[in-house]
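Count along the sequence shown from 1, add 27, and you get the number used in our numbering. Note that CB positions come from ideal geometry on N, CA and C, so glycine has one too. These notes concern the structure reproduced below.
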Amino acid sequence: MNKIILLSAFFIISFVKAQDKIVFKNGTVKTGKIGFKFFNSQKIKLKKDDNSEELIDVKTIKYIEQLNPKNETIIKSIFMPVKIEGKFKKMIVLMEGDVMLLGLQRYKASMTENGFDPSNGHSTSDYYILRDGEEFATFLASFSHIGGKSFKKVVKEYFKDCPKLVEKALNKEFKKKHYKEVVMYYNNNCDSD
Numbered sequence: 028m029n030k031i032i033l034l035s036a037f038f039i040i041s042f043v044k045a046q047d048k049i050v051f052k053n054g055t056v057k058t059g060k061i062g063f064k065f066f067n068s069q070k071i072k073l074k075k076d077d078n079s080e081e082l083i084d085v086k087t088i089k090y091i092e093q094l095n096p097k098n099e100t101i102i103k104s105i106f107m108p109v110k111i112e113g114k115f116k117k118m119i120v121l122m123e124g125d126v127m128l129l130g131l132q133r134y135k136a137s138m139t140e141n142g143f144d145p146s147n148g149h150s151t152s153d154y155y156i157l158r159d160g161e162e163f164a165t166f167l168a169s170f171s172h173i174g175g176k177s178f179k180k181v182v183k184e185y186f187k188d189c190p191k192l193v194e195k196a197l198n199k200e201f202k203k204k205h206y207k208e209v210v211m212y213y214n215n216n217c218d219s220d
């Protein structure tokens with residue numbers, strides 16, 4: 028009998044612990060299991076139990092927190108529009124500070140003679156930066172495609188209020204592979220006022 032009670036308590040605690048959290052722009056908080064309706068959808072599903080499912084517009088969300096089952100850490104994500112596409116994208120918060128570093132996972136299907144083959148695709152990561160109050164996330168780096176602004180040009184324009192950082196990028200002390208260090212340097216050494 029005690030084993031059944033103990034096992035039941037364990038499952039209840041595990042369920043509560045596994046709850047994802049949505050923090051809305053108006054300050055309210057909801058918990059449950061977060062799911063994504065469709066790829067690239069502008070709505071997410073929140074499931075409180077097996078019988079209830081709520082569709083939520085991502086534009087109303089400040090951030091979400093989800094449990095990473097692999098290592099039991101909390102992953103914080105925000106939904107931000109990307110300038111070129113205009114749609115809100117789920118971006119993982121990799122670093123917080125005066126400038127946030129965001130990661131965007133993209134899935135790209137491969138082209139075959141019969142068209143696109145989603146089973147033969149690959150995932151890529153793009154990195155964006157964002158200051159509080161900005162309307163769009165700014166592209167910083169990607170290691171999967173050619174094109175867009177050069178890393179040096181982005182650093183020169185976005186971080187123009189920190190001449191030491193710009194100089195380090197122009198002198199190749201900071202290269203594209205140092206995207207994390209660039210944001211960390213700015214947050215620790217540059218005055219954002």
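As the crow flies, the alpha-carbon of Met122 is around 15 angstroms from that of Ser152.
Lys52 is positioned such that its CB atom lies no closer than 8 angstroms to that of Thr100. Just so you know, the alpha carbons of Gly160 and Pro96 end up roughly 32 angstroms apart. Taking 8 angstroms as the cut-off, the Cβ atoms of Asp76 and Ile61 do not count as close. Measuring C-alpha to C-alpha distances from Lys110 to each of Leu94, Asn78 and Thr165 identifies Thr165 as the nearest. Shown here, Pro108 sits in a strand according to DSSP, grouped into three states.
Residue state for Glu184 is assigned as helix, using DSSP reduced to three classes. Proximity to Arg158 across Glu92, Leu94, Asp188 and Lys179 peaks at Asp188, based on C-alpha coordinates.
Cβ neighbours of Leu129 within its own chain (closer than 8 angstroms, five residues either side excluded): Ile105, Met107, Met118, Ile119, Val120, Leu121, Tyr154, Tyr155, Ile156, Leu157 and Ala164. The three-state reading of DSSP puts Thr87 in helix, counting H, G and I together. By the neighbour-count criterion, in which a residue is buried when 16 or more other Cβ atoms sit within 10 angstroms of its Cβ, Ser177 is exposed.
Between Leu73 and Ile49, the C-beta gap is smaller than 8 angstroms, which places the two residues in contact.
Judged by DSSP secondary structure, Ala168 falls within the beta strand (DSSP E) whose first and last residues are Thr165 to Ser169. In this structure, the beta-carbon distance from Val210 to Ala196 does not fall below 8 angstroms. Within the same chain, Cβ atoms closer than 7 angstroms to the Cβ of Lys89 are found at Val50, Phe51 and Lys52, the five residues on either side in sequence being excluded.
Here DSSP, grouped into helix, strand and coil, assigns Phe178 to helix. The beta carbons of Glu112 and Lys103 sit no closer together than 8 angstroms. Comparing C-alpha distances from Lys116 to each of Gly124, Phe63, Val126 and Ser79 shows the shortest one belongs to Phe63.
When the alpha-carbon of Gly59 is set against those of Leu94, Gln69, Val85 and Asp84, the nearest one is in Leu94.
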